[in-house]
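Engineer: Sequential numbering of the sequence shown, starting at 0, is according to numbering that gives the first Met the number 0. Where a beta carbon is used, it is the ideal one built from N, C-alpha and C, also for glycine. I am attaching a structure below and will ask some questions about it afterwards.
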Amino acid sequence: MLVIDNYVFKLNKTTTTTKYYRCEHRECDVTVHTDINNVLLKTEGNHCHVIEPEKNKIRIFKQVLKERVINESTPIPKIYGEELAKMMLTLATIAILPSQREMSM
0 MLVIDNYVFK LNKTTTTTKY YRCEHRECDV TVHTDINNVL LKTEGNHCHV IEPEKNKIRI
60 FKQVLKERVI NESTPIPKIY GEELAKMMLT LATIAILPSQ REMSM
């Protein structure tokens with residue numbers, strides 16, 4: 000996964016020198032080429048959708064949460080609360096954020 004200007008790209012193909020990404024939005028045809036170290040080489044196309052920064056923040060929140068749950072013995076509800084406090088999310092993001100119980104199912 001690669002994030003550029005709050006647009007999320009999924010890895011599509013890799014060669015010995017280049018990584019090829021596609022926008023994660025199904026109807027969008029934007030592609031990005033990077034070198035092996037994810038240095039941007041080329042972008043092609045125009046996005047057909049708006050940026051959804053709330054979804055990106057939730058994705059980051061979930062990644063951090065998962066990493067801590069795997070690596071620590073702290074109870075999950077406590078980790079969830081600590082990370083929620085650290086993220087300083089907007090009300091719009093909190094409204095669509097899954098609860099601790101929903102995330103653990």
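How is Leu-1 classed by DSSP in three states: helix, strand or coil?
Structural biologist: DSSP places Leu-1 in strand when its eight states are reduced to three.
Engineer: What does the alpha-carbon distance come out to for the pair Tyr-19 and His-32?
Structural biologist: Straight-line Cα distance between these residues: approximately 5 Å.
Engineer: Following the continuous alpha helix (DSSP H) through Arg-58, name the residue where it begins and the one where it ends.
Structural biologist: Segment 52–70, the alpha helix (DSSP H) holding Arg-58.
Engineer: Could you spell out the range, first to last residue, of the beta strand (DSSP E) harbouring Leu-40?
Structural biologist: Leu-40 -> beta strand (DSSP E) spans 39–43.
Engineer: With DSSP run on the structure shown, which of helix, strand or coil describes Thr-15?
Structural biologist: In the structure shown, Thr-15 sits in coil (DSSP, three-state: anything other than H, G, I, E or B).
Engineer: With distances taken between CB atoms, is the gap from Asn-5 to Arg-21 smaller than 8 Å?
Structural biologist: No, they are not a contact pair.
Engineer: Return the first residue and the last residue of the alpha helix (DSSP H) that Thr-92 is part of.
Structural biologist: 90–95 is the extent of the alpha helix (DSSP H) around Thr-92.
Engineer: Closest by CA to Ile-59, which one among Ser-98, Glu-23, Glu-82, His-24?
Structural biologist: Nearest option by C-alpha distance: Glu-82.
Engineer: Rounded to whole angstroms, what is the Cα-Cα separation between Thr-15 and Leu-88?
Structural biologist: Cα to Cα, Thr-15 sits roughly 39 Å from Leu-88.
Engineer: Measure the Cβ-Cβ separation of Leu-64 and Tyr-79 and say whether it is below 8 Å.
Structural biologist: Closer than 8 Å, so yes.
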